[in-house]
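Reading through the structure tokens given below for one structure.
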Amino acid sequence: MSRPRLSEALDRGLAKKLTLLSAPAGSGKSVLLAAWASPRDDCAWLSLGESESAPARFLLYFISALQRLFPRFGQNLLSALSAGPPSPREAVMTELVNGIAAVERQCVLILDDYHLVDSREVDALLDFLVANMPPTMHLVISTREDPALALGALRLKSCVSEIRADDLHFRVQETREFFANEGLASLSDDELAALGRRSEGWIAGLKLASISLKKSADSSGFIASFTGTNRYVMDFLVEEVLARQSAE
32 MSRPRLSEAL DRGLAKKLTL LSAPAGSGKS VLLAAWASPR DDCAWLSLGE SESAPARFLL
92 YFISALQRLF PRFGQNLLSA LSAGPPSPRE AVMTELVNGI AAVERQCVLI LDDYHLVDSR
152 EVDALLDFLV ANMPPTMHLV ISTREDPALA LGALRLKSCV SEIRADDLHF RVQETREFFA
212 NEGLASLSDD ELAALGRRSE GWIAGLKLAS ISLKKSADSS GFIASFTGTN RYVMDFLVEE
272 VLARQSAE
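Each residue of the sequence shown is one higher than the last, beginning at 32 in the working numbering.
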């Protein structure tokens, strides 16, 4: 579904170097970015995983993502990274930044699931990039936790736009539209407000509630008892949150 207030926030963020979407699992970050980026012709997308924690691999995929917009971009650097051990970090990043500066067209690179990258070296690469990035490029980072970047300095210089969990939480009208799309338009305003309070506007919770509601003969009773102990909510939290934690 369309979320104009958030799409407008993403549009405004383009005036800065970096947009940071930082919110817990199931907040709708990736879906929002996909809907926003879909009609644009200046967006490249990189979905990250744990394997991109190696700096050379991260840069390989970073350059490959930009090549979807600019087929010849970074070809020499890509060949060098594929051939063996990378050159000193500063030399590689300087060449990358110079390559971006040589592209006169505006571009947006979306780094999705950045929380899966566990590497101070990759954080340092991005810090260098954001500090030296030409105005033709904008970086979007979607993550479940704040990256170890120099966010304080970026805020001080008004170089970062931030969208957080409170922004992503569904408002009353958005909740109403969502349940109408799910075929549950018969819910009363009081029931919708109760679901909004109980889920705290968390879209994964609303979606899981909608699945249960379609199977329930007593919608009012279900809504009154809907909490985080709901089976579908617990399954999601175990799979997407608890299972990803360390043993400690």
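Positions of the beta carbon are idealized from the N, C-alpha and C atoms, including for glycine.
* Contact set for Leu41: own chain, Cβ-Cβ below 6 Å, skip 5 residues either direction -> Start at 1 with the first residue of the sequence shown, and residue 41 comes out as number 10. These residues qualify, in order along the chain: Trp67.
* **Given 8 Å, three or more beta-carbon pairs between the segment 196-216 and the segment 231-240** => yes
* Beta-carbon spacing of Leu127, Gly105 below 8 Å -> By one-based count along the sequence shown, residue 127 stands at place 96. By one-based count along the sequence shown, residue 105 stands at place 74. Yes, these two residues count as a Cβ contact at 8 Å.
* Would you mind sorting Lys60 into buried or exposed? The rule is 16 or more other CB atoms within 10 Å of its CB. => The residue labelled residue 60 in the question sits at position 29 within the sequence shown. The residue in question, Lys60, is buried, as its Cβ has 16 or more Cβ neighbours within 10 Å.
* **Alpha-carbon spacing of Ala274 relative to Val134, whole angstroms** => Residue numbering aside, residue 274 sits at position 243 when the sequence shown is read from its first letter. Residue numbering aside, residue 134 sits at position 103 when the sequence shown is read from its first letter. Going by the C-alpha atoms only, they are around 42 Å apart.
* Meets three-Cβ-pair contact criterion under 8 Å: the segment 96-104 and the segment 136-151 -> yes
* To do: Starting from the C-beta of Phe267, find all residues in its chain whose C-beta is less than 7 Å away, skip the five residues before and the five after it, and write them out in chain order.
  => By one-based count along the sequence shown, residue 267 stands at place 236. So the list reads Gly57, Ala235, Leu239, once near-sequence residues are dropped.
* Asked: Under 8 Å between the Cβ atoms of Ser173 and Gly44?
  -> Taking the first residue of the sequence shown as position 1, residue 173 is located at position 142. Taking the first residue of the sequence shown as position 1, residue 44 is located at position 13. No, they are not a contact pair.
* **Spatial distance of Leu218 from Phe201 (CA atoms)** => Along the sequence shown, read from residue 1 onward, the residue named residue 218 stands at position 187. Along the sequence shown, read from residue 1 onward, the residue named residue 201 stands at position 170. Rounded to the nearest angstrom, the two C-alpha atoms are 16 Å apart.
* Is Ser53 helix, strand or coil when you go by DSSP? -> Taking the first residue of the sequence shown as 1, we reach residue 53 at position 22. Note: Ser53 maps to strand in three-state DSSP.
* State the Cα-Cα distance for the pair Ala46 and Cys190, rounded to the nearest angstrom. => As a working mapping, residue 46 is identified with position 15 in the sequence shown. As a working mapping, residue 190 is identified with position 159 in the sequence shown. If I take the Cα positions, the gap works out to 8 Å.
* To do: Identify which residue in Ala96, Ser230, Ser84 has its Cα closest to the Cα of Tyr145.
  => Locating residue 145 in the sequence shown gives position 114, counting from the first residue. Looking at the Cα atoms, Ser84 is the closest of the given residues.
* Asked: Identify the residues that DSSP records as bridge partners of Phe75: which are they?
  -> Here residue 75 refers to the residue found at position 44 of the sequence shown. Inspection of the sequence shows that residue 75 is occupied by Ala rather than by Phe. The partner list for Ala75 (beta bridge, DSSP) reads Leu140.
* Asked: Ordered along the chain, which non-local residues of its own chain (more than five positions away) have a Cβ less than 6 Å from that of Ile131?
  -> As a working note, residue 131 is residue 100 in the sequence shown. These residues qualify, in order along the chain: Pro165, Met168.
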